[in-house]
Amino acid sequence: MDQSVAIQETLDVGENCLIAVQCLLLLNNGTESRLLGLVEHSREHALFVFTHRRMAITGNDVTLQEIIPISYDFSVVEVSSPDELAVVGADTRVRVTFLNDEMELKLPFGSHTRLFLTEVNRAWCDVCEQYPATPKFAWLTKYQKNSNESGSLIPNATRKIKKRGKRYLCFLTRVCLLV
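For reference, each letter of the sequence shown is one residue, going 7 to 185 in this note's numbering.
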C-alpha cells in the first residue's frame, strides 16, 4: 500500500509527497512507529515525519511530528553493526542529522527502502546543484510550531559549503566530491 497518498492529503497545493516509507524510530527505551515522507516544493525538499494510528490510508490517519529540511545542514548515513551486516534481509538502520539534532531509524528491508534512500540522496544532490543559492524553505513556515514546542526543525539559516568545480558526485551522506 502506497502510504504517500495519506501524506499528500495533508499537504498544500504545489507540495508533492514523492515517496513515503514506514519505519521505526529507535529510542533509548524502545521503538516507535513513524511514517517518513519526502516532500518537494519548487526544487526544495524536506522529510516530513508523521506519527500514525494504524496503516496510513488517509490524511486523518497521520499527525505531523516534525519536518527536517534537506539543506547543507542535513545528512543521512546508514549505520549498522557487524551483526546486522551478517544477516541477509536485515532492516536498514540510518542516522538522520540536521543541525545539532539527530535520530536513528530502522527502515524495512527491501527495494522500497532503497528507492526511498535514493530519492533522499537525489533531493540532497539538488541542493548541491543549486549552489551558491541557499534553499529558503519559506513554504515550511506554515507548518512551524511555536518556538517553545519541540519537534520542528526548520532552520533560520543554513551553512554554505565551498566548491571549486562544476560537477559533483553526491553520496547518501552530506558529501559531494568533484569528479
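Each residue gets a CB set at the ideal place from its N, CA and C atoms; glycine is no exception.
The three-state secondary structure of S10, taken from DSSP, is helix.
Distance between L31 and D8, taken at the CA atoms: about 20 Å. For the region 99-162, the full-length alpha helix (DSSP H) segments reaching 4 residues or more read 117-135 along the chain. Its Cα nearest to that of S39, the residue Q71 stands out among Q71, N106, E46 and C134. Put simply, the backbone Cα of A144 is about 13 Å away from that of S77. DSSP places G65 in the helix class (H, G or I) of the three-state scheme. Non-local beta-carbon contacts of Y149 in its own chain, meaning distances under 6 Å to residues more than five positions away in sequence, involve I73 in chain order. Counting other Cβ atoms within 10 Å of its Cβ, P138 stays below 16 and is therefore classed as exposed.
In this structure, S81 lies near T103, with their beta-carbon atoms less than 8 Å apart.
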